[in-house]
Amino acid sequence: MWKLFTTFLKIGLLSIGGGYGIIPLIQEQVVEKNNWISRKMFTDIITISQMTPGPLAVNTSTFVGLQIGGMIGALAATIGCILWGVIISLALYKFFQMHQKSDYVLEVLKGLKSASLGLILSAAATILLLALYGSNKPELDFLSLNWTALFLFLALLFVLKKWKMSPVFIMFVSGIAGFIFYR
Amino acid sequence: MKKSIKVYLWLLATNLFISAFTFGGGYVVVPMVRRFFVAKKHYFTEEDLINMAAIAQSTPGAIAINLSALAGYKVAGITGAFISCFAAVIPPLVILTVISAFYKIFVSNRIIAAILKGMEAGVAALMVDLIIDMCSIILKRKSFFLSAMIPMAFIANFIMGIHVALILFFCCFLCILQVFYNKKKGK
Chain A
1 MWKLFTTFLK IGLLSIGGGY GIIPLIQEQV VEKNNWISRK MFTDIITISQ MTPGPLAVNT
61 STFVGLQIGG MIGALAATIG CILWGVIISL ALYKFFQMHQ KSDYVLEVLK GLKSASLGLI
121 LSAAATILLL ALYGSNKPEL DFLSLNWTAL FLFLALLFVL KKWKMSPVFI MFVSGIAGFI
181 FYR
Chain B
1001 MKKSIKVYLW LLATNLFISA FTFGGGYVVV PMVRRFFVAK KHYFTEEDLI NMAAIAQSTP
1061 GAIAINLSAL AGYKVAGITG AFISCFAAVI PPLVILTVIS AFYKIFVSNR IIAAILKGME
1121 AGVAALMVDL IIDMCSIILK RKSFFLSAMI PMAFIANFIM GIHVALILFF CCFLCILQVF
1181 YNKKKGK
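Here the protein sequences come in this chain order: A and B.
First residue of the first sequence: 1, per the working numbering; consecutive thereafter.
First residue of the second sequence: 1001, per the working numbering; consecutive thereafter.
Right, here's the structure in full:
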């Protein structure tokens, strides 16, 4: 159980940037090094993670923890996984607040803001391509374009801009639309 | 005291709710937090939100959890951060525990796949909406350096596939260089 906790502590610490970039890291630790789960199962976990809410790392840690030590294992792995991120985030936030008067700190924070917006844009582009073409490395042509998804995307964006709808409402509507159009 | 308990309960409920609806990656949390913490309760400003998002992203771990912790901290200190984390972890923990019992059926279910396919468009719309608003805040500063950083980070990550950590590190380096240069020039 301790091994479980420390392994996920390590995964949590090394997984900067989140998302799909950290899949190889988790796979190496969980599948190859410790043989906790099979490769096939890991692929299934990734699929399930895409289908359920919550971050991939947390989902994987829950799944692996359950396999090895039941509910307590799941808790140990999950806590290990998020501990570093939360501590470092809070520390960094405090650091920026304390040194607000330093030009260097201020400029670095401003720069990070711009860069992270660029990265959010990159994530948005990936999801948009996934929605419109069904793959994130598509051939950009009109034939394989999913017109339903494009229409849905534009309509939802319009609704959001115009009436400032709740994100939860948008998720509901898009889920129902998916159920109607893609079934 | 009574008021702070109310705030804690609100944090707990809101984060549980946000976490349960975070399909499609951690970034969706940003518009969610914006909706509940900024637009509804005015606990902090959009400017604070970009600060927090930048920090949540620049540190290890899941962006969604880090951002929840920061938002909770901003509203109610360390206790708030703890409650937010706890609430953010519970939904995936519970859902995964339930699903792990019959995940084979779940993975091959066509109706669930259709709903999720629809949600991709929803997530994309939410993120584009957020990006438009956030970009306008940064562009208002009229700093060429900061404005150029947005497309640069985008190209580096999306087109060239450079690792996020490397991009953020390089960005810090450029910022420090820029301040250093401006100070020298100012002397």
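C-beta atoms are modelled at their ideal positions from N, C-alpha and C, and glycine is treated no differently.
Look at the Cβ atom of Leu-1011/B, then the Cβ atom of Gly-1061/B, and state whether they are nearer than 8 Å. Result no, Cβ atoms of Leu-1011/B and Gly-1061/B do not sit closer than 8 Å.
Taking a Cβ distance cut-off of 7 Å, strictly less, list which residues of the region 30-47 of chain A are near chain B, in chain order. Listed by position, the residues of the region 30-47 of chain A near chain B (Cβ gap below 7 Å) are Asp-44 and Thr-47.
Complete runs of the alpha helix (DSSP H) confined to the region 90-147 of chain A [at least 4 residues]: Correct list: 103-133.
Quick check on Pro-24/A: does DSSP put it in helix, strand or coil? Residue state, collapsed to three classes: helix.
Given a cut-off of 8 Å on the beta-carbon distance, is the pair Pro-53/A and Thr-1022/B in contact? In this structure, Thr-1022/B lies closer than 8 Å to Pro-53/A by Cβ.
Of all the CB atoms in chain B, is at least one closer than 8 Å to the CB of Lys-113/A? Yes, its Cβ sits closer than 8 Å to a Cβ of chain B.
Could you tell me which of Ile-68/A, Gln-27/A, Gly-85/A and Met-41/A sits nearest to Leu-1067/B, measuring between CA atoms? Cα-wise, what sits closest to Leu-1067/B is Gly-85/A.
Would you mind sorting Asn-1157/B into buried or exposed? The rule is 16 or more other CB atoms within 10 Å of its CB. Burial call: buried.
With burial defined as no fewer than 16 other Cβ atoms inside 10 Å of the residue's Cβ, what is the status of Gly-111/A: buried or exposed? Within a 10 Å sphere around the beta-carbon of Gly-111/A sit 16 or more other beta-carbons, which makes this residue buried.
Kindly provide the ranges of any alpha helix (DSSP H) runs that are 4 or more residues long and lie completely inside the region 1072-1132 of chain B, ordered along the chain. Taking only runs of at least 4 residues, the alpha helix (DSSP H) segments lying wholly in the region 1072-1132 of chain B are 1103-1107.
Residue-level contact to chain B via CB, Ala-177/A, 8 Å cutoff: True, the Cβ-Cβ gap to chain B drops below 8 Å.
Taking only beta-carbon atoms, is Leu-1116/B less than 8 Å away from chain A? Judged by the 8 Å Cβ criterion, Leu-1116/B is in contact with chain A.
Taking 7 Å as the cut-off, is the CB of Leu-156/A close to at least one heavy atom of the ligand ADP? Absence of the ligand ADP is noted for the structure shown, with no ligands found whatsoever.
Can a CB atom of chain A be found closer than 8 Å to the CB of Ala-1087/B? By this cut-off, Ala-1087/B is not an interface position.
Cα separation between Ser-166/A and Asn-1051/B? For Ser-166/A and Asn-1051/B, the gap between their C-alpha atoms comes out near 22 Å.
Proximity of Val-1028/B and Leu-1126/B at Cβ, strictly below 8 Å: For Val-1028/B and Leu-1126/B, yes; Cβs fall inside 8 Å.
Starting from Tyr-1181/B, trace the alpha helix (DSSP H) both ways and give me its first and last residue. Counting along the chain, the alpha helix (DSSP H) containing Tyr-1181/B begins and ends at 1164-1186.
Is the Cβ-Cβ distance between Tyr-1073/B and Tyr-93/A less than 8 Å? Yes, they are a contact pair.
Distance, Cα to Cα, Ala-74/A vs Gln-27/A? Taking C-alpha positions only, Ala-74/A is separated from Gln-27/A by approximately 17 Å.
List, in chain order, every chain B residue whose beta-carbon is nearer than 9 Å to that of Ala-76/A. For the C-beta of Ala-76/A, not a single chain B residue is nearer than 9 Å; the gap to the nearest is close to 12 Å.
Among residues of its own chain, excluding the 5 on either side of Gly-69/A, which ones have a beta-carbon nearer than 6 Å to its beta-carbon? Contacts found: Met-1.
Amino acids of chain A, ordered along the chain, whose beta-carbon sits closer than 8 Å to that of Phe-1158/B: Below the 8 Å Cβ cutoff, chain A contributes Leu-121, Ser-122, Ala-125 and Thr-126 as neighbours of Phe-1158/B, in chain order.
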